[in-house]
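The sequence shown runs 236 to 312 under this note's numbering.
Below: one structure, written as structure tokens.
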Amino acid sequence: YLKRGNYNVILVDWGRLAALPWYITAVRNTKQVGRHVGRFVEWLNDVAVPMSMLHVIGFSLGAEAAGFMGKSLAPQK
Numbered sequence: 236y237l238k239r240g241n242y243n244v245i246l247v248d249w250g251r252l253a254a255l256p257w258y259i260t261a262v263r264n265t266k267q268v269g270r271h272v273g274r275f276v277e278w279l280n281d282v283a284v285p286m287s288m289l290h291v292i293g294f295s296l297g298a299e300a301a302g303f304m305g306k307s308l309a310p311q312k
């Protein structure tokens, strides 16, 4: 991917919080994961990574966590 541009990819491994057979627990954990990732994203923004340069991609419950991450962020001016 570096042949196309200068990118960083950050993966969030929350497998232990999303492990089967307790799907309902995994669903509840999406909120906590989203908040933690939100704090990390705000830190990135504080150290010179503008929000406009970030893309968040989630699949299945990861998409739910990504949504909670977005809700946890302070409004941008």
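Using N, Cα and C, we set each Cβ at its ideal position, and we do this for glycine too.
Distance between residue j and residue i (C-alpha atoms, nearest Å)
i, j, result
"Lys306", "Lys238", "34 Å"
"Tyr242", "Leu289", "10 Å"
"Asn280", "Gly250", "26 Å"
"Phe275", "Ile259", "25 Å"
Beta-carbon spacing of residue i, residue j below 8 Å
i, j, result
"Ala254", "Leu296", "no"
"Met304", "Val291", "yes"
"Glu277", "Ala309", "yes"
Other residues of its chain near residue i: CB distance less than 8 Å, five sequence neighbours each side excluded
i, result
"Glu299", "Val262, Thr265, Gly269, Gly293"
Nearest-angstrom Cβ-Cβ length linking residue i and residue j, presumed shorter than 8 Å
i, j, result
"Val282", "Val247", "The pair is not a contact, with the Cβ atoms about 18 Å apart (cut-off 8 Å)."
Cβ neighbours of residue i in the same chain (closer than 7 Å, five flanking residues each side left out)
i, result
"Gln311", "Met286"
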